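Participant: Sharing a structure here in structure tokens format.
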Amino acid sequence: MFHRNALNSYQENQIYEGIDPRKLILMLYDGALLRIAKAKQGVIEKNCQKRGENLGKAIAIINELNASLDKNNETEEIKFLQGLYNAILAELPKASFANDTKILDRAFSYIKNLKKIWKETVMENSKQSNKKINIEQSINIDKEKFQYSKGLDNHNKIETYISKSFTA
């Protein structure tokens, strides 16, 4: 039994080895969105197990997104993304304790908009290389509802970082 599980795990990892890192980030965003939505269903259904398992998986995915940032590149964009991911990571457990779907809705909205920006600046870079994205309007960060505020005044440069870091 153990050997079979280990083999399955190894085979699953082999699948991801050949994937373009840009596509993998997109898959992480999709996974986070799915898990946050399922956690919200768990809150609504008062299903603690569903809520907890999916919040745990969403947190793990967002941790991976945060870990994938280039820590050696201390640009304002990296600091913004780190701060946003850390704020989401700090807020998600509160949704579980308080059974608060509003926190989940905000986290979902931020991740959804980051995914949109990722697709527009990285995945479709060759088609839309001159397109500028206003990050402030795209993400709609509410500084009072989400505790992260450091660096928000400079977050309009994030699309530049994304474009420069993941050009084909």
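Sequential numbering of the sequence shown, starting at 11, is according to my numbering. Just so you know, even glycine gets a beta-carbon here, dropped at the ideal spot from N, CA and C. Here the structure is a predicted model, which is why all the values come from computation and not from measurement.
#1: What's the C-alpha gap between A108 and I46?
#2: Counting Cβ pairs, one atom from each stretch, are 3 or more of them under 8 Å apart for the segment 37–53 and the segment 63–80?
#3: Spatial neighbours of S106 within its chain, please: CB distance less than 7 Å, with the 5 preceding and 5 following residues excluded, ordered by chain position.
#4: Can you tell me whether E55 is helix, strand or coil according to DSSP?
#5: Between the C-alpha atoms of K50 and M133, what's the straight-line distance to the nearest angstrom?
#6: For G93, count neighbouring Cβ atoms within 10 angstroms of its own Cβ and tell me buried if that reaches 16, exposed if not.
#7: Tell me which residues share the same chain as N73 and place their Cβ nearer than 6 Å to its Cβ, disregarding the 5 neighbours each side in the sequence.
#8: To the nearest angstrom, how far is the alpha carbon of I69 from that of L43?
#9: Mind reading off the beta-carbon distance from I98 to K104? Whole number of angstroms is fine, and I expect it under 8 Å.
#10: I71: which of I127, F118, E84 sits nearest, CA to CA?
#11: Suppose you measure from the CA of K126 to the CA of N83; what does that come to, to the nearest Å?
#12: Return the residue from the list L91, L34, V53, I29 that minimises the CA-CA distance to D115.
Facilitator: The structure says:
#1: Translated into the one-based positions of the sequence shown, residue 108 becomes position 98. Translated into the one-based positions of the sequence shown, residue 46 becomes position 36. One C-alpha to the other measures close to 15 Å.
#2: yes
#3: Sequence index remark: in the sequence shown, residue 106 carries index 96 (1-based). Around S106: R61, G62, L65.
#4: Here residue 55 is taken as the residue at index 45 of the sequence shown, counted from 1. Coil, per DSSP.
#5: Here residue 50 refers to the residue found at position 40 when the sequence shown is read from its first residue. Here residue 133 refers to the residue found at position 123 when the sequence shown is read from its first residue. Cα to Cα, K50 sits roughly 29 Å from M133.
#6: If you number the sequence shown from 1, residue 93 lands on position 83. That one is buried.
#7: Along the sequence shown, read from residue 1 onward, the residue named residue 73 stands at position 63. Hits under 6 Å: none found.
#8: Counting from one through the sequence shown, the residue named residue 69 turns up at place 59. Counting from one through the sequence shown, the residue named residue 43 turns up at place 33. Within the model, the alpha-carbon separation for I69 versus L43 is close to 11 Å.
#9: Numbered from its first residue, the sequence shown carries residue 98 at position 88. Numbered from its first residue, the sequence shown carries residue 104 at position 94. Not a contact, Cβ separation roughly 11 Å.
#10: Residue 71 sits at position 61 when you count from the first residue of the sequence shown. Ranking the options by Cα distance to I71, first place goes to F118.
#11: Here residue 126 is taken as the residue at index 116 of the sequence shown, counted from 1. Here residue 83 is taken as the residue at index 73 of the sequence shown, counted from 1. The straight-line gap from Cα to Cα measures roughly 23 Å.
#12: Mapped onto the sequence shown, residue 115 falls at position 105. Nearest of L91, L34, V53, I29 to D115, Cα basis: V53.
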